[in-house]
Each structure stands twice: as C-alpha cells, then as structure tokens.
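**Q** First, the structure itself, so that you have it in front of you.
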Amino acid sequence: MSMSIETGGDGTLIVRQPVGLWTFLIGLPILGLGGLFGYGTVSSFVITIQEQGWDGLPQAVVGSFVMALFAALSLPLGWWIALSRHWIVLDRNTRQIVQVSDWRIGSQKKATDTSLFRCVRAATEALNTSTNSQGKGPPTLVEMIQLIPCDPDATPKLDLGWTSRGDQTAALELATEVAEWLSLPLENGFGRED
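Residues in the sequence shown are numbered consecutively from 856, following my numbering.
Printed below as a string of structure tokens:
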C-alpha cells in the first residue's frame, strides 16, 4: 500500500495513505455488534417487563444498562475503524500543513505552520516503534516520508505516509514532490544518490 498525492485546485496538495480491507473486515463487525447491543438494550428491557411485570423492573434496568454499556463501547469503535478517513493538506498559499480526521459526522483539523519544519525526509523507518504482539521480532519497516522539525523538542516530526519496504524510488519521487511544493529541502535517508 502506497501513499498517494493529488493536487487540489486551490493551491493545495492532498496526501492520503490508503486504508486496507482489514479496516472494514474488523470495523464493520464491531459496528454491527454495537448495533445489536443497542437493539438488545431496548428489547431486553421490554421483554423483561412483559414477562415479569413491574416486579422485574430492577432486573430490566440492570440488564439494559449492561447492554447499553457494551453498545456505547462498540458502536463508536466500529464507526471509527470502518468509516473514519484521514488525510493531510499541504497549503502553499497559507504555508500551513493541515491534518484532517473526518468521522463522517464531524471532523477535526489540526494546522501546523510550515516554518516549523526544516526538511522533507525519505528514509527506511519502523512503521510502529513497538515490536510485534509477542514482544519478539523486529518492527515492520517501510519507506517513510516525514517532515522533520527545526526544533524536535517543541514540534514532533510529522509522518506524511509510506511506501512498501524496498520501494525507495517511489518514496523519493513522492518526497521530492512534497519538498518542491513546500519549498523545503529534501533529505535522502536511504544513503544513495538519485
């Protein structure tokens, strides 16, 4: 899976990292389970009251509360995994980098000034700094494209996206396009000249 760059008509460059099929394979069942728990919240209350009358009210309230709790946990999680979208907008006119998280009903934007970064870097990096789930083995390495801050203590580096391990040429091409767009120097972390 490789990041993609598209040019907006208003002086922007949009950087997207495509999501895999796994987000739907995991997110949609969790979302469906949350919907089932939501349905169970109402139906368990109604069924308990119908069968036991008002004497079953405490049991109905407790059962519905537990189901509502599971619904409240799984519905937003499933929605976030399956339906949220994230991208980065590089705005040449305002000299801003805007990170966008869109949840289909609401969104969040975080803007950072381009002057806080000294260069665009393409290098082999760990996709996740932690090791695998058993604590054994190396982390997954990819060809990462990042914005490197002038002051690392004040501003964290910004991961724009990645290409598959070994696809250094594509990573350098994408990093060059971003560097030229933002008028920042390109740092080649692969240790080779292109």
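Beta carbons: idealized from backbone N, C-alpha and C, even for Gly.
Residue 900: buried (16+ other C-beta within 10 angstroms of its C-beta) or exposed?
**A** By the neighbour-count rule (16 or more Cβ atoms within 10 Å), residue 900 is buried.
**Q** Kindly provide the ranges of any beta strand (DSSP E) runs that are 3 or more residues long and lie completely inside the region 1019-1044, ordered along the chain.
**A** With a minimum length of 3 residues, the continuous beta strand (DSSP E) runs that stay inside the region 1019-1044 are 1041-1043.
**Q** Which residues mark the beginning and the end of the alpha helix (DSSP H) in which residue 929 is found?
**A** Start and end: 912-938.
**Q** Within the continuous beta strand (DSSP E) that includes residue 1003, where are the two ends?
**A** 996-1004 is the extent of the beta strand (DSSP E) around residue 1003.
**Q** Would you kindly check if the distance between the Cβ of residue 1016 and the Cβ of residue 858 is under 8 Å?
**A** Cβ atoms of residue 858 and residue 1016: closer than 8 Å.
**Q** Using the rule of at least 16 other Cβ atoms within 10 Å of the residue's Cβ for burial, across every protein chain shown, is residue 907 buried or exposed?
**A** Exposed, by the Cβ-count rule.
**Q** Less than 8 Å between the CB atoms is what I'm expecting for residue 926 and residue 893, so what's the real figure, rounded?
**A** Right, their Cβ atoms sit about 4 Å apart.
**Q** Considering only their Cβ atoms, is the gap separating residue 961 from residue 882 smaller than 8 Å?
**A** No.
**Q** For the pair the region 874-891 and the region 930-950, tell me if three or more CB-CB distances fall below 8 Å.
**A** The region 874-891 is in contact with the region 930-950.
**Q** I need the straight-line Cα distance from residue 973 to residue 1038, nearest angstrom please.
**A** Spanning the two alpha carbons is a distance of roughly 10 Å.
**Q** Taking the alpha carbon of residue 951 as the reference point, which residue from 867, 1041, 981 has its own alpha carbon closest?
**A** The shortest C-alpha separation from residue 951 is found at 867.
**Q** I need the DSSP call for residue 1016, collapsed to helix, strand or coil.
**A** If DSSP states are grouped into helix, strand and coil, residue 1016 belongs with the strands.
**Q** Kindly indicate which residue of 1006, 879, 982 has the alpha-carbon position closest to the one of residue 995.
**A** Comparing Cα positions, the closest option is 982.
**Q** Might you give, ordered along the chain, the residues of its own chain that have their beta carbon closer than 7 Å to the beta carbon of residue 978, omitting 5 neighbours on each side?
**A** Excluding sequence neighbours, residue 978 sits near 999, 1044, 1045.
**Q** Taking all protein chains shown into account, decide if residue 896 is buried (16 or more other Cβ within 10 angstroms of its Cβ) or exposed.
**A** That one is buried.
**Q** Relative to the C-alpha of residue 890, which candidate in 880, 923, 911 has its C-alpha closest?
**A** Nearest of 880, 923, 911 to residue 890, Cα basis: 923.
**Q** Along the beta strand (DSSP E) that carries residue 962, what are the first and last residues, could you check?
**A** Start and end: 962-968.
**Q** Are any of the Cβ atoms in chain D nearer than 8 Å to that of residue 951?
**A** This model lacks chain D altogether, as it is built from one protein chain only.
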